[in-house]
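Undergrad: For reference, the structure I am asking about is given below.
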Amino acid sequence: MITIAIDGPAAAGKGTLSRQIAEEYGFHHLDTGLTYRATAKALLDAGLPLDDEAVAERMALEVELSGLDRSILSAHAIGEAASKIAVMPAVRRALVEAQRAFSKKEPGTVLDGRDIGTVVCPDAAVKLYVTASPEVRAKRRFDEIVGNGAVADYAAIFDDVKKRDERDMGRADSPLRPADDAHLLDTSEMSIEAAFQAAKSLIDAALIKKI
Ligand code: C5P
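Residues in the sequence shown are numbered from 1047 upward in steps of one, following the working numbering.
This is how it looks when you write it as C-alpha cells:
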C-alpha cells in the first residue's frame, strides 16, 4: 500500500493532478474537500446553522465517502459553507478519521486537500504541495465558468480566492501549509502536463524504493 498526499489552495490544479495520478497508477482517489462540502450541504439542506460545532460534528459523522457527488457538491455556496465548518476541530476529527481509513486501501491511494501531508497522512510516501498565484487561480476559475457558458466577474472571483486562502491558512486547527517534506509544484507557469510528469518521477522513485 502506498499513499500520495496532495495539498494546496483552491484552484491550484491539485484535483486534476490527483485524478490523473490515480488513473495512471490504478490507485483509489479521495478529494477530501468533498467531505467538508458534504457536511456543509447536509447542514444547509436541513436549515441548520453553520456555527454550531456539535450539530456540524453529527453531520460529519454521517458522511459516506462512497456517496460524494462532485457535480452537486461543487456549487460555490457549498464551498464557502465548507470552509466555515472546516475550522471546527470536532468536524475535522470526524472527517479525518474516515479519510485515514480510506488512505489504507490497496494497492494505493491519492488523497488531496489542505492537511493531507501534515495531519491526515503524515507518513505518505510522496507529498506534493501544488500552488499557483492567486491571480492565476482566479483566472482559471473565471475561464472555467465562462467556458461553461455562464457569466463571471473576475474581480469577485479574485476576492473569493483571497478570502478562502486567508480562512484556510489562518485557522488554528490544521491550517493549509506545505509539510516539511513536501515537494512544491508551482503551476503558475507550469502546465498541468508538466506538473503530472514531475509528480510521476517522484512517485516512480518512491515505488522503486518500496520494492
Ligand atoms: O478543495 P475544496 O474547495 O473542495 O474544499 C472546500 C473547503 O474545505 C476548503 O476551503 C477548506 O476550508 C476545506 N478543506 C479542509 N481540509 C481539507 C480539504 C478541504 O479544510 N483536507
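All residues carry an ideal CB built from backbone N, CA and C; glycine is no exception.
Just to confirm before moving on: does the CB-CB distance between G1108 and M1134 stay below 8 Å?
TA: Here residue 1108 is taken as the residue at index 62 of the sequence shown, counted from 1. Here residue 1134 is taken as the residue at index 88 of the sequence shown, counted from 1. Here residue 1108 turns out to be Glu, not Gly, going by the sequence shown. It is not a contact, given that the beta carbons lie outside the stated cut-off.
Undergrad: Within this structure, are the beta carbons of L1111 and A1144 separated by less than 8 Å?
TA: By 1-based counting over the sequence shown, the position of residue 1111 is 65. By 1-based counting over the sequence shown, the position of residue 1144 is 98. Cβ distance < 8 Å, so L1111 and A1144 count as in contact.
Undergrad: Is A1178 near the ligand C5P, judged by its Cβ being under 7 Å from some heavy atom?
TA: Looking up residue 1178 in the sequence shown gives position 132. A1178: no, Cβ never under 7 Å from the ligand C5P.
Undergrad: Hey, is L1107 close to the ligand C5P, as in C-beta under 7 Å from one of its heavy atoms?
TA: What you label residue 1107 is simply residue 61 of the sequence shown in a count that begins at 1. Because no heavy atom of the ligand C5P lies under 7 Å away, the Cβ of L1107 does not count as near it: no.
Undergrad: When the Cα atoms are used, what is the spatial distance from A1147 to I1050?
TA: Numbered from 1 along the sequence shown, position 101 holds the residue referred to as residue 1147. Numbered from 1 along the sequence shown, position 4 holds the residue referred to as residue 1050. Distance between the alpha carbons of A1147 and I1050 is about 14 Å.
Undergrad: What's the call for E1103, buried or exposed, on a 16-neighbour Cβ count within 10 Å?
TA: Looking up residue 1103 in the sequence shown gives position 57. Result: buried.
Undergrad: Taking only runs of the alpha helix (DSSP H) that begin and end inside the segment 1168 to 1250, which ones reach a length of at least 4 residues, in chain order?
TA: As far as the segment 1168 to 1250 is concerned, its whole alpha helix (DSSP H) runs of at least 4 residues are 1180 to 1193, 1200 to 1216.
Undergrad: Report yes if the C-beta of D1097 is less than 7 Å from at least one heavy atom of the ligand C5P; otherwise report no.
TA: Against the sequence shown, residue 1097 aligns to sequence position 51. No; taking the cut-off as 7 Å, the Cβ of D1097 has no heavy atom of the ligand C5P nearer than that.
Undergrad: Would you kindly work out how many angstroms separate the C-alpha atoms of G1163 and D1199, rounded to a whole number?
TA: As a first step, residue 1163 must be located in the sequence shown, where it is residue number 117. As a first step, residue 1199 must be located in the sequence shown, where it is residue number 153. Roughly 33 Å between the two C-alpha positions.
Undergrad: For A1068, which three-state DSSP category applies?
TA: Position 22 of the sequence shown holds residue 1068. A1068 falls in the helix class under three-state DSSP.
Undergrad: Excluding sequence positions up to five away, which residues of its chain have a Cβ less than 6 Å from the Cβ of K1151?
TA: Here residue 1151 is taken as the residue at index 105 of the sequence shown, counted from 1. So the list reads H1074, once near-sequence residues are dropped.
Undergrad: Would you mind sorting I1257 into buried or exposed? The rule is 16 or more other CB atoms within 10 Å of its CB.
TA: Residue mapping note: residue 1257 aligns to position 211 of the sequence shown, counting from 1. Answer is exposed; the Cβ neighbour count stays below 16.
Undergrad: Using the three-state DSSP reduction, which class does T1164 fall into: helix, strand or coil?
TA: As a first step, residue 1164 must be located in the sequence shown, where it is residue number 118. T1164 falls in the helix class under three-state DSSP.
Undergrad: Out of curiosity, what's the CA-to-CA distance linking Q1243 and G1061?
TA: Along the sequence shown, one-based indexing puts residue 1243 at 197. Along the sequence shown, one-based indexing puts residue 1061 at 15. The straight-line gap from Cα to Cα measures roughly 15 Å.
Undergrad: By how many angstroms is the C-alpha of A1106 removed from the C-alpha of S1220?
TA: As a first step, residue 1220 is located in the sequence shown; it is residue number 174 there, counting from the start. As a first step, residue 1106 is located in the sequence shown; it is residue number 60 there, counting from the start. For S1220 and A1106, the distance between alpha carbons rounds to 17 Å.
Undergrad: Work out the CA separation of I1249 and R1213 for me, nearest whole Å.
TA: For the purposes of this step, residue 1213 is taken as the residue at position 167 of the sequence shown. For the purposes of this step, residue 1249 is taken as the residue at position 203 of the sequence shown. Each residue's Cα considered, the two are about 31 Å apart.
Undergrad: When you compare the CB positions of A1056 and R1210, do they come within less than 8 Å of one another, or not?
TA: As a first step, residue 1056 is located in the sequence shown; it is residue number 10 there, counting from the start. As a first step, residue 1210 is located in the sequence shown; it is residue number 164 there, counting from the start. Taking 8 Å as the Cβ cut-off, A1056 and R1210 qualify as a contacting pair.
Undergrad: Excluding the 5 residues preceding and the 5 following P1180 in the sequence, name in chain order all residues of the same chain whose CB lies nearer than 7 Å to its CB.
TA: For the purposes of this step, residue 1180 is identified with residue 134 of the sequence shown, where counting begins at 1. If we look at P1180 and ignore the five residues flanking it on each side, its Cβ neighbours are F1204, V1207, K1208, D1211.
Undergrad: Is the beta carbon of I1191 within less than 7 Å of some heavy atom of the ligand C5P?
TA: On the sequence shown, position 145 is the one that residue 1191 refers to. Checking every heavy atom of the ligand C5P against the Cβ of I1191, none is found closer than 7 Å.
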